[in-house]
Amino acid sequence: MKKNKILILSLLALNAIMFAQDKGLVANLNSPYAKLKSVNLQDVHWTGGFWKEQFDIETQNTLPYMWDLYHNDSITHAYANFKIASGEMKGKHAGPSFHDGDFYKILEGMASAYAITKNPELDKQMDEAIAMFTKVQRADGYINTPVLIEERWGTLGPEELKKQLGFEKYNMGHLMTSACIHHRATGKSNFLEVAKGVADFLYDFYKKASPELARNAICPSHYMGIVEMYRTVKDPRYLELANNLINIRGVTNDGTDDNQDRIPFREQTTAMGHAVRANYLYAGIADLYAETGEEKLMENLKSIWEDVVYRKMYITGGCGALYDGVSPDGTSYNPSEVQKIHQAYGRPYQLPNATAHTETCANIGNVLWNWRMLQLTGDAKYTDVMELALYNSVLSGVSLEGTEFCYNNPLNVSEKLPFKQRWGHEREGYITWSNCCAPNVTRTLAQVSNYAYNVSKEGLYVNLYGSNHLKSETLNGEKIEVEQRTNYPWDGKIVLKIVKAPKGAYPIFLRIPGWSRNASISINQKIFEGEVASGTYAKLSNNWKKGDIIELNIPMPVELMQANPLVEETKNQIAVKRGPVVYCLESEDISKEVDINAVVLDVNSIFNTKKATIKNREVVAIEGKGYVDSENWNQALYKPITLSKKSINITLIPYFSWGNRLKREMTVWMPY
Ligand SMILES: [Zn+2]
4 MKKNKILILS LLALNAIMFA QDKGLVANLN SPYAKLKSVN LQDVHWTGGF
54 WKEQFDIETQ NTLPYMWDLY HNDSITHAYA NFKIASGEMK GKHAGPSFHD
104 GDFYKILEGM ASAYAITKNP ELDKQMDEAI AMFTKVQRAD GYINTPVLIE
154 ERWGTLGPEE LKKQLGFEKY NMGHLMTSAC IHHRATGKSN FLEVAKGVAD
204 FLYDFYKKAS PELARNAICP SHYMGIVEMY RTVKDPRYLE LANNLINIRG
254 VTNDGTDDNQ DRIPFREQTT AMGHAVRANY LYAGIADLYA ETGEEKLMEN
304 LKSIWEDVVY RKMYITGGCG ALYDGVSPDG TSYNPSEVQK IHQAYGRPYQ
354 LPNATAHTET CANIGNVLWN WRMLQLTGDA KYTDVMELAL YNSVLSGVSL
404 EGTEFCYNNP LNVSEKLPFK QRWGHEREGY ITWSNCCAPN VTRTLAQVSN
454 YAYNVSKEGL YVNLYGSNHL KSETLNGEKI EVEQRTNYPW DGKIVLKIVK
504 APKGAYPIFL RIPGWSRNAS ISINQKIFEG EVASGTYAKL SNNWKKGDII
554 ELNIPMPVEL MQANPLVEET KNQIAVKRGP VVYCLESEDI SKEVDINAVV
604 LDVNSIFNTK KATIKNREVV AIEGKGYVDS ENWNQALYKP ITLSKKSINI
654 TLIPYFSWGN RLKREMTVWM PY
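In the working numbering, the protein residues as written are 4 to 675.
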């Protein structure tokens with residue numbers, strides 16, 4: 004009896020140890036090819052400054068708003084679909100077929116916030132929704148309301164599963180990810196049980212499905228989802244499935260560049276097609292590589308990354324230049340074989356500004372992918388892209404008050420353009436038919452703290468700067484606690500105070516951003532003599548003790564940026580950047596008579612920073628001088644250049660904060 008009791012207690016203790024760690028956004032503690040490991044979701048608390056403000060907006064505005072919105076049958080019908088599928092309510096499925104997945108994303112955001120706030124109301128709401136999922140889920144694990152509603156109330160066509168635009172795998176992918184995060188945040192298994200059913204269903208489905216049926220999924224959120232399930236419940240079948248999902252792509256001739264499956268992934272070296280699907284695919288493959296270490300996967304990911312970052316990504320970290328087009332990647336000249344693409348990567352250097360699609364979800368996909376690449380390699384160039392996208396093309400996806408959202412994130416908005424694009428560039432509370440981005444940005448902004456640090460065998464990695472408190476463990480289980488103070492990204496001074504240090508040498512790796520020059524570090528007021536190179540992690544190998552102070556100073560001058568001259572759309576133009584933040588000119592800050600596209604930047608003017616407040620949010624604005632063409636174009640397409648230009652003062656605001664005042668015009672790039 005006594006022996007049994009000890010055994011149970013020690014099992015409980017073991018369980019507690021296992022539960023104490025590996026509770027990050029990705030649970031890669033045991034992933035053999037992940038060099039850096041995630042810290043737990045609850046390990047990092049924002050304590051002030053930029054990300055604390057954003058996290059407070061998230062918990063006070065965005066999450067409650069989204070929860071209510073998705074329960075408001077007259078607007079979204081997402082929760083109503085679950086109620087109908089469960090038999091609680093009569094009716095038909097309404098809204099986009101990816102509604103389920105969007106609701107799971109909101110839950111993922113709630114779980115991520117709960118890990119930090121422990122707000123019992125969130126826990127209660129999540130349990131209520133999970134009980135509904137449990138009720139809706141079919142005995143074989145399948146869950147997807149468009150199909151289940153048909154099954155319950157009407158006729159389920161046998162063709163249903165074959166609908167490529169059914170988004171059912173996408174929905175199930177988000178369910179699995181959300182359930183893993185919920186399990187890590189709450190310690191509960193109710194959602195995870197639903198996710199196990201889903202993962203088992205998918206495993207069986209892919210075993211039995213015809214090759215055509217197996218290949219038909221789009222927007223592969225389920226690649227990340229199934230690997231995360233493998234990590235959470237350690238079922239090797241899930242890893243087998245993840246590998247199989249890659250193997251079946253592009254092996255017959257029914258695939259498309261738009262869906263990244265015209266050719267097998269192992270033959271792909273450039274970014275192609277729908278940018279959300281692409282970035283989700285690359286993130287999922289990075290997850291698979293973390294487990295299998297298959298060199299070919301990494302080789303292609305690196306090649307595709309170079310194609311994106313050196314040729315196809317906007318200065319804001321945005322991805323997906325084209326609304327619509329034809330694939331530049333096919334080899335055929337036969338017009339009937341040329342493939343259509345949409346919301347997609349275009350040709351190298353094809354980066355239009357006004358018609359940039361740059362869907363918020365694609366930009367979030369860029370963050371997901373680069374964070375995974377960072378953890379696989381420890382290379383700071385991935386952190387640079389992650390940070391760039393976060394501060395610019397992800398944050399631009401949500402209003403400063405946190406309740407209106409952008410589907411696409413153009414770099415130029417002019418009311419004079421004589422055509423309307425399919426999606427407006429004004430943020431909306433609910434984007435009918437395409438509200439995928441709003442729940443995506445909702446979950447992402449609840450999770451930024453988990454991106455801030457990693458641990459590895461070598462030491463602690465500091466990826467993102469912002470006032471926070473880290474309370475975590477080394478891989479040996481020793482306590483580490485660090486207090487970070489900074490006004491970043493408005494200021495480049497960062498102070499780290501050691502609160503609790505592991506015994507012996509435990510290096511701290513400080514990220515020196517790739518955009519920075521002449522950064523310097525001091526430790527307890529003595530200049531650090533080691534290497535401090537831009538675009539790397541500076542390694543500080545000390546025997547840390549309580550009270551040690553590390554100070555990093557990153558100069559943050561106003562930078563005038565130009566694009567590679569192969570980018571036609573930005574030739575002879577300048578974008579202004581300071582630190583990781585890209586700036587823009589908004590019509591609110593120039594005279595009403597002036598056309599935003601007629602403003603010429605005076606590169607010789609002195610650029611000063613000043614504090615500005617937009618919708619109660621303090622930002623740093625930049626003042627400078629420019630010129631404006633005083634002559635009217637009068638419908639002309641061409642005219643001789645005007646030599647006499649009027650001098651004007653201009654104020655630039657952070658790109659992410661555009662469109663929060665009067666909704667008019669904006670530009671990131673300006674001629675000079
Ligand atoms: Zn989206």
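We put the beta carbon where it would ideally sit given N, CA and C, even for glycine.
Which residues share a DSSP beta bridge with residue i?
i, result
"F677", "Since the first residue shown for the chain is 4 and the last is 675, residue 677 is missing from the structure and cannot be characterised."
"V523", "According to the sequence displayed, residue 523 carries Ser and not Val. Answer is N556."
"T489", "I497"
"A578", "M564"
"V465", "Y456, L513"
"G629", "L604, I651"
"N373", "None, per the DSSP bridge assignment."
"E196", "In the DSSP output, where bridge partners are listed per residue, E196 has none listed."
"E362", "N411"
"G328", "I344"
"N471", "W49, Q487"
Would you tell me roughly how many angstroms separate the C-alpha atoms of residue i and residue j, rounded to the nearest one?
i, j, result
"T65", "A508", "42 Å"
"V230", "T137", "22 Å"
"E61", "R446", "9 Å"
"K384", "I515", "10 Å"
"P674", "P568", "13 Å"
"I617", "D494", "18 Å"
"R667", "E589", "8 Å"
"F106", "V603", "45 Å"
"Q24", "G144", "29 Å"
"A293", "G27", "15 Å"
"I119", "G94", "38 Å"
"I109", "M69", "7 Å"
"I526", "G533", "11 Å"
"D103", "V47", "30 Å"
"K6", "I184", "The predicted model places K6 with a pLDDT of 46, which falls under 50 and marks its position as unreliable, so this point remains unresolved."
"N637", "V311", "39 Å"
"T435", "E484", "45 Å"
"P583", "I656", "13 Å"
"G405", "G538", "32 Å"
"L448", "N395", "13 Å"
"F22", "G190", "Here F22 scores only 42 on pLDDT, less than 50, and its place in the model is too uncertain to base an answer on."
"G462", "T386", "17 Å"
"I20", "N457", "Any reading at I20 needs caution, since the residue's pLDDT is 42, under 50, leaving its predicted position unreliable; the model's value is listed next. Using only the alpha carbons, I get a separation of about 19 Å."
"A16", "T477", "In this prediction, A16 scores a pLDDT of 41, lower than 50, which makes its location untrustworthy; no coordinate-derived value is stated."
"Y433", "L125", "22 Å"
"I133", "N193", "7 Å"
"S213", "Q263", "20 Å"
"L10", "D290", "Since pLDDT at L10 reaches only 47, below the 50 mark, its modelled position is unreliable, and no value is offered."
"Q128", "Q63", "15 Å"
"I676", "L371", "Coverage of the chain is limited to positions 4 through 675, which leaves residue 676 absent and any answer about it impossible."
"Y206", "S34", "21 Å"
Quick one: give me the first and last residue of the alpha helix (DSSP H) that residue i is part of.
i, result
"S115", "102-120"
"Y226", "224-236"
"D130", "123-139"
"I719", "Given that the chain is displayed from residue 4 to residue 675, the structure contains no residue 719 and the question cannot be resolved."
"T386", "383-392"
"S77", "From DSSP, S77 is part of no alpha helix (DSSP H); its letter is neither H nor E."
"N246", "239-250"
"E171", "171-189"
"S306", "298-310"
"L640", "No alpha helix (DSSP H) holds L640; DSSP gives it neither H nor E."
Could you tell me if the beta carbon of residue i falls within a distance shorter than 7 Å of some heavy atom in ligand 3?
i, result
"V279", "Ligands in the displayed structure: ligand 1; ligand 3 is not one of them."
Between residue i and chain E, is any beta-carbon pair separated by less than 8 Å?
i, result
"I483", "Within the model displayed, chain E is absent; a lone protein chain is all it includes."
Got a sec, what are the start and stop residues for the beta strand (DSSP E) residue i sits in?
i, result
"M564", "561-564"
"T589", "As written in the sequence, residue 589 is Glu, which differs from the Thr given in the question. Residues 584-589."
"Q346", "343-348"
"T539", "539-543"
Given a cut-off of 8 Å on the beta-carbon distance, is the pair residue i and residue j in contact?
i, j, result
"E626", "K613", "yes"
"L403", "R620", "yes"
"N282", "N369", "yes"
"V150", "S89", "no"
"T3", "N412", "Absent from the structure is residue 3, since the part of the chain shown begins at 4 and ends at 675."
"A541", "L513", "yes"
"N303", "Q271", "yes"
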